[in-house]
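*Asks:* Can you read through this structure? Questions will come right after.
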Amino acid sequence: MEEAKRLHARLLRRGERRLQPLLLRVLAAGELRYAARLLGSCPASPPSAPLHNRLLHALAAARHPLLLPCFARAHRLRVLTPLSFTLLLSSATATAAACAHALLAKSGHAAAAPGDPFLASALVSSYARAGLLAESRRAFDELPAGAGAGAAAARNAMLSAYARGGRVGDAERLFAGMPDRSVVSWTAMVSGYAQNGRHEEAVRTFLDMWDGAGVRPNELTVSSVLPACAALGALALGRKVERYARGRGMLRNVYVANALVEMYAKCGSIRRAWKVFRGMGTRRDLCSWNSMIMAFAVHGLWTEALALFHKLRMTGAKPDGITFVGVILACTHGGLVDEGKLLFNSMRGEFGLKPRIEHYGCMVDLLGRAGLLKEADSLIASMPMEPDAVIWGALLGACSFHGNFELAEIAVEKLMHLEPHNTANLVILSNIYASCGKWDGVARVWKLLKEKDHKKSAGYSFIELDGRMHKFLVEDKSHPRSEKVYDALDSITLAMKLVSLENPEVES
1 MEEAKRLHAR LLRRGERRLQ PLLLRVLAAG ELRYAARLLG SCPASPPSAP LHNRLLHALA
61 AARHPLLLPC FARAHRLRVL TPLSFTLLLS SATATAAACA HALLAKSGHA AAAPGDPFLA
121 SALVSSYARA GLLAESRRAF DELPAGAGAG AAAARNAMLS AYARGGRVGD AERLFAGMPD
181 RSVVSWTAMV SGYAQNGRHE EAVRTFLDMW DGAGVRPNEL TVSSVLPACA ALGALALGRK
241 VERYARGRGM LRNVYVANAL VEMYAKCGSI RRAWKVFRGM GTRRDLCSWN SMIMAFAVHG
301 LWTEALALFH KLRMTGAKPD GITFVGVILA CTHGGLVDEG KLLFNSMRGE FGLKPRIEHY
361 GCMVDLLGRA GLLKEADSLI ASMPMEPDAV IWGALLGACS FHGNFELAEI AVEKLMHLEP
421 HNTANLVILS NIYASCGKWD GVARVWKLLK EKDHKKSAGY SFIELDGRMH KFLVEDKSHP
481 RSEKVYDALD SITLAMKLVS LENPEVES
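The numbering of the sequence shown is UniProt numbering, which starts it at 1 and goes up by one.
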C-alpha cells in the first residue's frame with residue numbers, strides 16, 4: 001500500500017491522471033475506502049465504466065458500506081452498465097436491492113434485464129435474498145429462452161428462495177421441472193426440507209442425489225443434511241457422511257465440522273462428537289464450543305460441560321446467550337444451584353448479555369428441581385417478558401416431582417391458556433392430586449378431560465436401515481414390508497416364550 005501511495009504522489013506531481021494502474025494496486029492492497037476516494041477525486045474527467053465496475057465488484061464482494069454511495073455516484077456520472085447492476089445485485093441486501101431496482105429503471109437499463117440472463121439472474125437472487133418472492137418470480141419468468149448458464153443460476157436462486165421462504169411445494173414443482181439439476185439444485189432442496197422441519201424428505205432427497213443421481217455432495221450439502229440426520233437419529237448415515245467428508249478434506253470447513261459435532265451429540269454419541277471437536281483445533285469458533293458444551297450438558301455430563309466453559313473463557317473468547325443456556329443446564333443436572341445463580345447473574349453484570357426467555361426457563365428448571373418452588377415462582381413473576389409454555393411447563397414438572405398441587409394449579413391454568421389443546425398438562429395435574437390424596441381434584445380433572453374428548457396420541461418410532469429411515473406407528477400395517485416385520489416379531493415373541501418355559505426363573 002505504501003508503494004501505491006508513492007505512485008499516487010508521483011502522478012499528482014506530474015499532473016497525470018492514469019488511474020487504472022494505481023486503482024488496481026490500491027484494490028489489490030484491500031484499501032477499498034482509499035480506492036473510493038481515489039475515483040471520487042476526478043470530477044472533471046470521470047473514470048470510465050470499467051474502472052467503476054472494478055471498484056463496485058470489490059465493494060460488493062466485501063459487502064462494504066460504501067457500495068451504495070459509490071453506486072449512486074456512478075449513476076450521477078452516467079457510467080453505469082448492466083454489469084454494474086449485476087455486481088451490485090449479486091451481494092445486495094434488502095435495502096440495496098430496492099435501490100438498485102429503482103436506479104435500474106431510472107437509468108434506462110431495465111429494458112436490458114430480460115435479455116441479459118446474468119442481470120436477470122442477479123435480480124432473481126437479490127429479490128429472493130430480500131424475501132420478495134413475488135418480485136423474484138416475476139424476474140424469473142422474464143428470463144429469455146435459452147439463457148444458458150444465467151437461467152440455470154436463476155432457477156437455483158428461485159429454488160433456494162422458495163425453500164428458505166417455507167414454500168416447499170413451490171420448490172418441489174420447480175425442482176421437478178428442472179432440466180439441469182446440479183449439486184446446487186439438490187442442495188437447495190435438502191437444505192429447504194431440513195430448515196422447514198421435513199427431515200425425512202431431506203434425508204431421502206440427499207440419498208436420491210448421492211446414490212440415485214450420482215451427484216457428489218459439496219460442503220454445503222453435507223452441512224445441510226447432517227442436522228436432518230441429527231433430528232431423525234440417523235447415526236449410521238451420519239457416520240457414512242463423515243467418512244465421505246473426511247476423505248475429501250471437508251472437515252477443514254468449520255461449518256461441516258460443527259454440523260458433525262451437533263449430529264453426533266444429538267444421536268447420543270458423545271465420544272465421537274468430542275473426537276471431531278478436538279480435531280478442529282484452532283479452527284473452532286464459538287458455535288463449536290457451544291455445541292460441545294450443550295452436548296455434555298444435555299447428556300448429564302455437567303462436570304465436563306463446566307470444565308469446557310472455563311477452557312473457553314481461557315481462550316479469551318466471549319460466551320454468548322447459547323453458551324449460558326448450556327452451562328446453566330449443566331448446573332441443573334449437577335444440582336449446582338448457587339453456581340447456576342452466579343452464572344445467570346454474570347450474564348448482565350460481567351458480559352453485558354440480556355437474559356432471554358430460555359435462560360429464565362433454565363433457571364426455573366434449576367430451582368424447581370432443587371425444591372425451591374417458591375423461589376422459582378418469584379423468578380417467574382419478576383421476568384421482564386411474558387412467561388411461555390416452556391416456563392410454566394418447567395414449574396409444573398417441578399411441582400410433579402415435589403408434590404406441590406397449589407403451584408401446579410396455577411401453572412396448569414396458565415398452560416391451558418397458552419396451549420389449550422395440550423391435555424397432557426391436565427394428566428400431570430391429576431397425577432399430582434393423586435400423589436397428594438386429593439381425589440376430588442382427580443375427579444374434577446378427569447371430568448374436564450372427558451369434556452375435551454382427550455385421546456392419547458399414537459406413538460411412533462424411526463428405524464434406520466441401509467441409510468434410509470422407516471417410520472412405524474403403533475400396530476402399523478401401512479409399511480410396504482409390514483408382513484415381514486410382523487413375522488419377525490412373531491418369531492422373536494415365540495423364542496422369548498420358549499426361553500421362559502425352559503427357564504421358569506426368567507420372566508417373560
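Every residue gets a Cβ at the ideal spot worked out from N, C-alpha and C, and that includes glycine.
None of the values given here were measured: they were computed from a predicted structure.
If we count the other Cβ atoms within 10 Å of its Cβ and call it buried at 16 or more, is D180 buried or exposed?
*Replies:* Exposed.
*Asks:* What residue range does the alpha helix (DSSP H) around W392 cover?
*Replies:* Start and end: 389-402.
*Asks:* Return the Cβ separation of V364 and L395 in integer angstroms, given the expectation that the two are a contact with Cβ distance under 8 angstroms.
*Replies:* That pair is a contact at about 6 angstroms.
*Asks:* Just how far apart, CA to CA, sit A152 and A122?
*Replies:* If you take the alpha carbons of A152 and A122, they lie about 12 angstroms apart.
*Asks:* Tell me whether P319 is buried or exposed, calling it buried when 16 or more other Cβ atoms sit within 10 Å of its Cβ.
*Replies:* Buried, because 16 or more other Cβ atoms sit within 10 Å of the Cβ of P319.
*Asks:* From the DSSP output, in three-state form, read off C267 for me.
*Replies:* If DSSP states are grouped into helix, strand and coil, C267 belongs with coil.
*Asks:* Provide the residue span of the alpha helix (DSSP H) that contains F140, from first to last.
*Replies:* Segment 133-141, the alpha helix (DSSP H) holding F140.
*Asks:* Round the Cβ separation of S288 and N253 to the nearest angstrom and send it over; I've been treating them as touching at under 8 angstroms.
*Replies:* That belief does not hold up - the Cβ atoms of S288 and N253 are roughly 12 angstroms apart, past 8 angstroms.
*Asks:* Report yes if the CB atom of A389 is closer than 7 angstroms to the CB atom of L429, and no otherwise.
*Replies:* Taking 7 angstroms as the Cβ cut-off, A389 and L429 do not qualify as a contacting pair.
*Asks:* Which runs of the alpha helix (DSSP H) fall wholly inside the segment 316-356 and span at least 4 residues, in chain order?
*Replies:* DSSP runs (the alpha helix (DSSP H)) wholly in the segment 316-356: 321-334, 337-349.
*Asks:* Less than 8 angstroms between the CB atoms is what I'm expecting for V222 and V256, so what's the real figure, rounded?
*Replies:* The pair is a contact, with the Cβ atoms about 5 angstroms apart (cut-off 8 angstroms).
*Asks:* Going straight from the alpha carbon of A370 to that of Y360, what length do you get?
*Replies:* Distance between the alpha carbons of A370 and Y360 is about 15 angstroms.
*Asks:* Are there 16 or more other CB atoms within 10 angstroms of the CB of E262, so buried, or fewer, so exposed?
*Replies:* It counts as buried.
*Asks:* Look at the alpha carbon of G397 and the alpha carbon of A154, and state the distance between them as a whole number of angstroms.
*Replies:* Going from the Cα of G397 to the Cα of A154 covers about 51 angstroms.
*Asks:* In whole angstroms, what separates the C-alpha of V442 from that of S224?
*Replies:* Taking the straight line from one Cα to the other gives about 47 angstroms.
*Asks:* L55 and A35 - do their beta-carbons sit closer together than 7 angstroms?
*Replies:* The answer is yes: Cβ separation under 7 angstroms.
*Asks:* In whole angstroms, what separates the C-alpha of W213 from that of V241?
*Replies:* In the sequence as presented, Trp is not what sits at residue 213; that position holds Ala. Cα to Cα, the separation comes out at about 17 angstroms.
*Asks:* Applying the 10 Å Cβ sphere with the 16-neighbour rule, what's the burial state of L420?
*Replies:* Reading off the sequence shown, one finds Pro at residue 420, where the question assumed Leu. P420 should be labelled exposed.
*Asks:* State buried or exposed for H333, treating a residue as buried only when at least 16 other CB atoms are found within 10 Å of its CB.
*Replies:* Buried: at least 16 other Cβ atoms inside 10 Å.
*Asks:* Quick one: using the 10 Å Cβ neighbour count with 16 as the cut-off for buried, is T187 buried or exposed?
*Replies:* Buried, since its Cβ has 16 or more Cβ neighbours within 10 Å.
*Asks:* Nearest CA to the CA of E172: which residue from G197, T205, D141?
*Replies:* With distances taken between Cα atoms, E172 lies closest to T205.
*Asks:* Any idea what DSSP makes of C436, helix, strand or coil?
*Replies:* Three-state DSSP puts C436 in coil, outside helix and strand.
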